[in-house]
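One structure is given below, encoded as structure tokens.
Chains as they are written, first to last, in the numbering used here: chain A, 481 to 684; chain B, -9 to 537.
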């Protein structure tokens, strides 16, 4: 593990080989927005909000900071006209799903994203996969999974496993950047088992 | 089948195969490609078998179900050797007449030969039919001459001679040097120099290396890879073994379509025969080089043909692409250096080794060498699989070979590269076939699917069609691709109903720009190429939908 010096937003930042640009930036208190990243989990590269400009040998490309490995003499720009434009549109895409997400509202203000630019979509989920990956990678329970692909992709609890595993866990709730996961779960429960209160369910 | 242990044994076997073949003996080659299969070639094959049996001609006539001949439009097609008389739209009822008149009587059955759609002129000789005459069928030309089920046929036409030369007369670095010198560029879409890719994997630190045939061919309108792979599996395999030797890989993978039974069967049988002959496995041809191949089938969505998704799929995981900040040629399957090329690229390798890079580099344009297989479809008289040298103009492909646009319609556009390709207008029809020239015009060749569009084609609707395909065939992991296509389809849907709004074009351009810049894999990055191309050349059609 050798030390690498790279440049992020004009500052010299020290990093270890194998680190990502996001890790290096955070270690130097440089903020790069993310929605699908969590330190407990493997980098995912799904939300692309962490897109930054990376320049090596005079060539600049746009990369996902959460996955791009640091290298010597790398010049990173976490904000630029292009980067801001990308983040704005990505946020607008996602705000069509979850316009009330606190986390996204803050970012929307920063990047000038309008929550009503695209028509409201029926699913709240932005498919960041935090719940899915937490359940798989940390809890190793695989209760919640992605089903289908493309625009039809969604998250689904597998009922038989959920009935056994979820009552005493629910650790994925607070990870949800839209905060709807918990609400949806409560609603589903209320509809499915109207006579059984959720807070008593774990004792049932 | 005896094991072949040396170049001398291979030559001896080839001689003994050839000594058993009488070049004057009639042979009937019935197309068993996917197109002809759909048109009922099964009945034709059975009818020939029964008729030969009935007449007791089994000893006097050879019969083979072959790979795709090329002219899919007029299938099922049958070639009668040695004269190479070509019959089109053959039905089982025609079979007794073909046997009596042509095979025995050496006369042409006039009503079954190709007739020019305009002049009505009839042509019986395969090599004189315009569709074939203007091609250079270096790769697919042997499809009519061999039975893909029989390795002897491949050996008989000189098969595995290039492998023998590579393994026994050349060092791996010489093989690599030859491929680099030939400037073979990947036929799967990117046009990346194959030799450079091979070199990266060869030079990677890990000792365990893999070579892979990408036979997924999911691009809409693409059907040339399965034509060559089903019809001549040993050609692809020979290229792969040569590549493995140059790269230093001991293990290969074939990743191919799950939905073609015949393709599976032909690949499996080719591997079995190659193993029996000592062309796969330990100590190939007594050279000391050992290599074997495993077959994997795709999981049914287009994105599983993307190289990193494909490799995950081989590992047994979901076919989701990963970013290629570290290239798969350095870290691919199970993080080992993995060199992936598509079917056609591998199929080019044996001829480069056999005839040399200098010979190969004579064919084509300055930066695009060799021939290219094209799947010609859409509004064209003769759809089918075409092989032409790079540099051939689109006009030659569409008109001389394809016979032009049917029903007296005018040509509007030529669309290359399937769902991630682009359309160029009729005015650019004299553009030569060339990776870079077409790329600059916004119609990158992709894997080689060429769709001809006539004057009735609505370009806005065509763009919607491609994006609908991609939304169903992408993984849905990253936001720009998943949500971008979703929003584009909403706008395009409105436009197709004549309900476009002011600002829609600009919104689509913004989405396209962000998708290309921020998507995780090549699918998302190039998903809007058809949109960009049609906005460049057919913008007025979009504008017309806006009130």
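Backbone N, C-alpha and C fix where the C-beta goes; we use that ideal spot for every residue, glycine too.
Predicted model only: the values in this text are computed from it and were never measured.
In this structure, the beta-carbon distance from residue 493 of chain A to residue 508 of chain A falls below 7 Å.
291: these are the residues of the region 269 to 295 of chain B whose beta carbon lies less than 7 Å from some beta carbon of chain A, given in chain order. Residue 28 of chain B counts as exposed, since fewer than 16 other beta carbons sit within 10 angstroms of its beta carbon. Proximity of residue 486 of chain B to chain A, defined by a Cβ-Cβ separation below 7 Å, is not satisfied. If you look at residue 206 of chain B, you'll find it isn't in any beta strand (DSSP E); DSSP assigns it neither H nor E.
In this structure, DSSP gives residue 493 of chain A an extended state, which the three-state scheme calls strand.
In the three-state scheme derived from DSSP, where H, G and I count as helix and E and B as strand, residue 22 of chain B is classed as coil. In the same chain as residue 574 of chain A, and ignoring 5 residues on each side of it, the C-beta atoms closer than 7 Å to its own belong to 584, 606, in chain order. Legend: CB atoms of the region 530 to 553 of chain A lying less than 8 Å from CB atoms of chain B belong to residues 531, 542, 543, 544, 547, 548, 549.
If the five residues before and after residue 450 of chain B are omitted, its C-beta is found closer than 7 Å to the C-beta atoms of 482, 485, 486, 531, 532, 535, all from its own chain and listed in chain order. Counting along the chain, no alpha helix (DSSP H) covers residue 405 of chain B; the unbroken beta strand (DSSP E) around it starts and ends at 401 to 406. In the three-state reduction of the DSSP assignment, residue 231 of chain B falls in the helix class, which pools H, G and I.
Taken in chain order, the members of the region 446 to 465 of chain B whose beta-carbon sits within less than 8 Å of a beta-carbon on chain A are 460, 461, 462, 463, 464, 465. Per DSSP, reduced to three states, the secondary structure at residue 456 of chain B is helical. Shortest Cα-Cα distance from residue 478 of chain B to any of B:310, B:500, B:10, B:492 involves B:500. In this structure, the alpha-carbon of residue 529 of chain A lies about 26 Å from that of residue 300 of chain B.
The beta carbons of residue 102 of chain B and residue 77 of chain B sit closer together than 7 Å. Interface criterion not met: the Cβ of residue 615 of chain A is under 7 Å from no Cβ in chain B. Beta-carbon to beta-carbon, residue 93 of chain B and residue 20 of chain B are separated by about 13 Å, too far to satisfy the 8 Å threshold. For residue 121 of chain B, the uninterrupted alpha helix (DSSP H) segment begins and ends at 120 to 123.
Nearest to residue 496 of chain A by alpha-carbon distance, out of A:635, A:557, A:504, is A:504. The beta carbons of residue 310 of chain B and residue 471 of chain B sit about 12 Å from each other, so the pair does not count as a contact at 8 Å.
The Cβ neighbour count for residue 2 of chain B, taken over all protein chains shown within 10 Å, is under 16; the residue is labelled exposed. Using a CB distance cut-off of 7 Å, residue 598 of chain A counts as an interface residue toward chain B. Think of a sphere of 9 Å around the beta carbon of residue 565 of chain A: the chain B residues whose beta carbon falls inside it are 500, 503, 504, 507, in chain order. About 17 Å separates the beta carbon of residue 344 of chain B from that of residue 184 of chain B, a gap too long to meet the 8 Å contact definition.
In this structure residue 409 of chain B is buried. Its beta-carbon is surrounded by 16 or more other beta-carbon atoms within 10 angstroms. Taking CB atoms only, residue 228 of chain B has no neighbour in chain A less than 7 Å away. One thing to note: residue 211 of chain B has its Cβ within 7 Å of the Cβ of residue 365 of chain B. Restricting attention to alpha helix (DSSP H) runs no shorter than 4 residues, the region 336 to 396 of chain B encloses them at 347 to 351, ordered along the chain.
Among the residues facing chain B, residue 526 of chain A is included, as its CB has a counterpart in that chain under 7 Å away. Note that the C-beta distance between residue 217 of chain B and residue 165 of chain B is not below 7 Å. Taking residue 592 of chain A as the centre and dropping the five residues before and after it, the same chain places the C-beta of 568 closer than 7 Å to its C-beta, in chain order. In terms of beta-carbon proximity, residue 506 of chain A stays away from the interface with chain B, with every pair separated by 7 Å or more. The C-beta of residue 539 of chain A has fewer than 16 other C-beta atoms within 10 Å across all chains shown, which makes the residue exposed. Of all residues in the region 465 to 476 of chain B, those with a C-beta nearer than 8 Å to a C-beta of chain A are 465, 466, 467, 468, 469, 470, 472, 473, 474, 475, 476, reading in chain order.
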